[in-house]
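J.:
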Amino acid sequence: MRWTGLFDDLEAQAIDLFAAERSAEVADRTRGEFGRVQLSDRLRPALGSAVRLRCVGAQAVNGHIRRVGAEWVLIDEGFGREALVLLTGVLTVSGLGRLSSSPGSAGVVESRLGLRHVLRALIRDRSGVQLALVDGTIAGGTLDRLGRDFVELAAHPAGEARRGPAVREVLLVPLSGLVLVRRDE
-6 MRWTGLFDDL EAQAIDLFAA ERSAEVADRT RGEFGRVQLS DRLRPALGSA
44 VRLRCVGAQA VNGHIRRVGA EWVLIDEGFG REALVLLTGV LTVSGLGRLS
94 SSPGSAGVVE SRLGLRHVLR ALIRDRSGVQ LALVDGTIAG GTLDRLGRDF
144 VELAAHPAGE ARRGPAVREV LLVPLSGLVL VRRDE
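All residue numbers for the sequence shown refer to our numbering, where the first residue is -6 and numbers rise by one.
Have a look at this one:
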């Protein structure tokens, strides 16, 4: 009887030790895995959620997440207004839940649809845009050309077509100076 009690006690201690070691290992692996999660991975499961983004240049964007790319997030600000926000310009995000996508789980199209693709589409579309820059400056006009690390904006009043007399100047905007892009309504 005493041997049975001794072995039962040893077995219980071994089970407790195994559970503690496993719990520590799971916690360590969880921290390691979360260290690979990018901002876009945190935003992707929140599609449709209301968020508030505070960006460099004192820009604030409030609205619902519509799409998430590797370099940007599209926010529906309501009233037909949308903002394409560069993730490099985001300082804080509030309103997210606890979910994250697995790193590298973005779809093929989503992972390849970078900022340059979106800017090229705006150039082809000839839409009027408002660019918010890292210093808080807002520049409006029509995007003309896209270089490797910059975009050219023909500055003209909102609501006017890009015509010779309306263009005040052509601004070269380094992509590193860009925070967000809004299409004119």
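Here a beta-carbon is modelled for each residue, glycine too, at the ideal position from N, C-alpha and C.
Give the list of continuous beta strand (DSSP E) stretches no shorter than 3 residues that lie fully inside the region -2 to 79.
T.: Fully enclosed beta strand (DSSP E) runs of 3 or longer: 43 to 48, 52 to 61, 65 to 71 and 74 to 79.
J.: Do A63 and R175 have their C-beta atoms closer together than 8 Å?
T.: No; because the gap between Cβ atoms is not below 8 Å, this pair is not in contact.
J.: Taking all protein chains shown into account, do 16 or more other C-beta atoms lie within 10 angstroms of the C-beta of S87, making it buried, or fewer, making it exposed?
T.: Exposed, since its Cβ has fewer than 16 Cβ neighbours within 10 Å.
J.: Mapping DSSP to helix, strand and coil, what is A148?
T.: In the structure shown, A148 sits in a strand (DSSP, three-state: E or B).
J.: Would V160 pass as a contact of A147 if the rule is Cβ separation under 8 Å?
T.: Taking 8 Å as the Cβ cut-off, V160 and A147 qualify as a contacting pair.
J.: Ordered along the chain, which non-local residues of its own chain (more than five positions away) have a Cβ less than 8 Å from that of S42?
T.: The residues are H57, I58, G88, L89 and G90.
J.: Between L136 and L168, what straight-line distance do the alpha-carbon atoms span, to the nearest angstrom?
T.: Rounded to the nearest angstrom, the two C-alpha atoms are 13 Å apart.
J.: Can you check DSSP and say which residues form a bridge with I131?
T.: The partner list for I131 (beta bridge, DSSP) reads A125.
J.: Which of helix, strand or coil does DSSP assign to R138?
T.: In this structure, R138 counts as strand in the three-state DSSP scheme.
J.: DSSP three-state label for L112, please.
T.: Note: L112 maps to helix in three-state DSSP.
J.: Comparing alpha-carbon positions, which option in L124, G133, G129 and R156 lies nearest L173?
T.: Measuring from the Cα of L173, the nearest candidate turns out to be L124.
J.: Going by Cα to Cα distance, which pick from V127, R141 and D128 is closest to R113?
T.: Comparing Cα-Cα distances from R113 to each of V127, R141 and D128, the minimum goes to R141.
J.: Near C48, which residues of its chain fall below 8 Å by C-beta distance, leaving aside the five closest residues on each side in sequence?
T.: Cβ neighbours of C48 beyond the five flanking positions: V54, V78, G82, V83, L84, A125, V172 and L173.
J.: What would DSSP say about R176, mapped onto helix, strand or coil?
T.: Of the three classes helix, strand and coil, the one that applies to R176 here is strand, per DSSP.
J.: Between P158 and R29, what straight-line distance do the alpha-carbon atoms span, to the nearest angstrom?
T.: So the two alpha carbons sit approximately 51 Å from each other.
J.: By alpha-carbon positions, which one of W65, D2, V44 and E14 ends up nearest to Q31?
T.: Cα-wise, what sits closest to Q31 is W65.
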